Structures are given as C-alpha cells and as structure tokens.
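Those protein sequences? They're chains G and Z, same order as listed. Under our numbering, the first residue of the first sequence is numbered 73, with each subsequent residue one higher. Under our numbering, the first residue of the second sequence is numbered 73, with each subsequent residue one higher.
Number of protein chains: 2
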Amino acid sequence: MYAYVSFMEHDIFKALADPTRRAIFEKLAAAGMNASALREGMAISQPAMSQHLAVLRTARLVREERQGRFVNYEVDPDGLALIAQWLAKYRAYWPARIDALKDLLRDMDQ
Amino acid sequence: MYAYVSFMEHDIFKALADPTRRAIFEKLAAAGMNASALREGMAISQPAMSQHLAVLRTARLVREERQGRFVNYEVDPDGLALIAQWLAKYRAYWPARIDALKDLLRDMDQ
DNA sequence: GAGTCAGATAAGTGTATGCTTATGTTTCTT
DNA sequence: AAGAAACATAAGCATACACTTATCTGACTC
Numbered sequence: 073m074y075a076y077v078s079f080m081e082h083d084i085f086k087a088l089a090d091p092t093r094r095a096i097f098e099k100l101a102a103a104g105m106n107a108s109a110l111r112e113g114m115a116i117s118q119p120a121m122s123q124h125l126a127v128l129r130t131a132r133l134v135r136e137e138r139q140g141r142f143v144n145y146e147v148d149p150d151g152l153a154l155i156a157q158w159l160a161k162y163r164a165y166w167p168a169r170i171d172a173l174k175d176l177l178r179d180m181d182q
Numbered sequence: 073m074y075a076y077v078s079f080m081e082h083d084i085f086k087a088l089a090d091p092t093r094r095a096i097f098e099k100l101a102a103a104g105m106n107a108s109a110l111r112e113g114m115a116i117s118q119p120a121m122s123q124h125l126a127v128l129r130t131a132r133l134v135r136e137e138r139q140g141r142f143v144n145y146e147v148d149p150d151g152l153a154l155i156a157q158w159l160a161k162y163r164a165y166w167p168a169r170i171d172a173l174k175d176l177l178r179d180m181d182q
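Printed below as a string of structure tokens:
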C-alpha cells in the first residue's frame, strides 16, 4: 500500500519539478480545457504539450476526459491530496502565524 | 517579491524531485543532526550528501547551524511554508474531507 | 605545529529528461 | 471515402543532474 504512495509521491514531485508543467497545471486549475487551448500563448510544440500532459496524468495531478476528437483536461484532486498528505507529515514544522496556513491546517484537520 | 517566490518554488520542487533528498529531509524531520549522522545507514558518499544538503539548503527546506567542526542540520519551516502556500492556491480542488484521502489510498491498494 | 576529522568544493562521467521532427491513430466533416 | 483536425507516440539529440574520485578548508587533538 505505502509502496504505491511512494511511487505516486515520486511521480508528483518529478512532475512539478518542471516549470512548464507547473504552468500547465496552473492554467488548468483556472479552467479545464483541451490540449490545443492549453497551448495558446505558451510557446510550446504540440508533442511537447502532449508529453507534459502524459507526465501530469501519470502523477494524477491532471485527468483527461475524451470528447470526440478533443481531450479535455482538468485538475485531478488525487494528486493534490497526496501533496497535502506529504505536507501534513511535517505539520509540526509549519510556522504558526501565517493566516493562509491556518486555513490550510483547518481544512486538512477535518 | 513574487519573482523570489517563483525562484524558491522552483528550487523546492527540484529539490524534492530526488528520492534521496526526500529521504534526507524526512530523516531531519524526525531529528536534527549533522551530515555524518545523516549518512548512517544511507549508502551515500560524503560528497553526495554534502551536495544534496546544499540543494536542500538553497530551497530553504533545511538550514544549517555550525557547531565547531560539525554542522548541524534541521528542517527549515520556510520551505514547507512555501509548499503550503503553493498548495493553498488549489484549495478549491482538494477533496472535501480526509475520507477522500482514505478512499484514494484504498483505491491505489487495489 | 602536525595530524586528523567534518564537511565543502572541483572536475569528470553516465544517465535522465525535455525538446525536436516525423509519423501514427482516432474522430469529425464534406 | 477522402481529407483534415486533435492528439499520441517514436526516435534522435542536447542539456541537466546525480554520482564518482580527488582535493581543499576549517576546527579539534596531541
């Protein structure tokens, strides 16, 4: 069981280590869209985008939904949940004062 | 200001993309210790450890405290805070409760 | 002061990674 | 049925990265 988590954890951090993929993820967080729409204003080739999306998919940071010949992408909460889980392990070290962090903590505490 | 955050963000995800560095960080989260103590049971050369610690330091995931000829390392809350901040941006996508996390883990267990 | 110990840095090397061009696959249009 | 559009995949290449061995720096001991 934890082996799976470790693999996923590795995939996630690997995926987020690339600035282009973080930008793609951020764009998808604002609104789900297909790969072509994602490319707009991003100076990235079609194969490169496809490869990045594959990495994000493997990390469960993003999920696809086929719609005819389009593939709509959106944020997959599972990946974010795993990051939250990883972060929660080190909760003892978070600075207590930052308001945003308090919100974070409260939400994860439920 | 936000430029600094972006740089730091990149350093952090790059740093955590390596499994050895995640292991080092995890060990330090359990207890602060010097570089030699960190190496114990880790099958890693002295220069490699030193290089990994430099990366973690740059990412502000870890901080050093010289003590004579020893250098004691410990978790730096600043790095964790930046991850929490990053994660907070996507709070809208988190599974509503921890139960969802448990479901995820169970699913991954198959 | 000489030797030793903890750790950092330098330089070189094999592999991983992100890109490119080319091509494949599926769906839609006409 | 033929072409085009939306993606995915394959193969090749240049760079980044994590490791190695060798050397350097600074602090402690004798």
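Idealized CB from N, CA, C, for every residue including glycine. Every value quoted in this text rests on a predicted model; they were computed, and no experiment measured them.
Quick one: what's got a C-beta closer than 7 angstroms to residue i's C-beta in the same chain, skipping five residues either side?
i: R94/G; result: L88
i: D148/G; result: R132, L133, V134 and R135
i: M121/Z; result: A107, L110 and R111
i: G104/G; result: N144, Y145 and E146
i: N150/G; result: Looking at the sequence shown, residue 150/G is not Asn but Asp. R132.
i: H82/Z; result: none
i: Q182/Z; result: Since pLDDT at Q182/Z reaches only 38, below the 50 mark, its modelled position is unreliable, and the value read off the structure follows with that caveat. Cβ neighbours of Q182/Z beyond the five flanking positions: none.
i: K99/Z; result: L110
i: H124/Z; result: T92, R93 and I96
i: A101/G; result: V147
Residues of chain Z with CB under 7 angstroms from residue i, in chain order?
i: H82/G; result: P91
i: L110/G; result: Neighbours of L110/G on chain Z: none; closest Cβ ~17 angstroms, over 7 angstroms.
Report all residues from its chain with a CB closer than 6 angstroms to the CB of residue i; omit the five preceding and five following residues, and keep chain order.
i: E136/G; result: V143 and Y145
i: V127/G; result: A87
i: V77/G; result: none
Give the residues of chain G in contact with residue i, contact being defined as C-beta atoms less than 8 angstroms apart.
i: V147/Z; result: Y162 and Y165
i: F85/Z; result: F85, L88, A89 and R94
Could you check how far apart the C-beta atoms of residue i and residue j are, in whole angstroms? I think they sit under 8 angstroms.
i: M80/G; j: R132/G; result: 6 angstroms
i: I214/Z; j: I96/Z; result: No answer is possible for residue 214/Z: it lies beyond the span of chain Z, which begins at 73 and ends at 182.
i: A153/G; j: W166/Z; result: 6 angstroms
Name, please, each residue of chain G whose Cβ falls closer than 7 angstroms to the Cβ of residue i.
i: L125/Z; result: Neighbours of L125/Z on chain G: none; closest Cβ ~17 angstroms, over 7 angstroms.
Closer than 9 angstroms by beta-carbon distance: list the chain Z residues that pair up with residue i, in chain order.
i: L152/G; result: L159, Y162, R163, Y165, W166 and P167
i: A101/G; result: K161, Y162, A164 and Y165
With a threshold of 8 angstroms on Cβ separation, who are the neighbours of residue i within its own chain once the five nearest residues in sequence on each side are excluded?
i: Q139/Z; result: N106
Exercise. What are the start and end residues of each continuous beta strand (DSSP E) run of 3 or more residues lying completely inside the stretch 100 to 165 of chain Z, in chain order?
Worked result: 134 to 139 and 142 to 147
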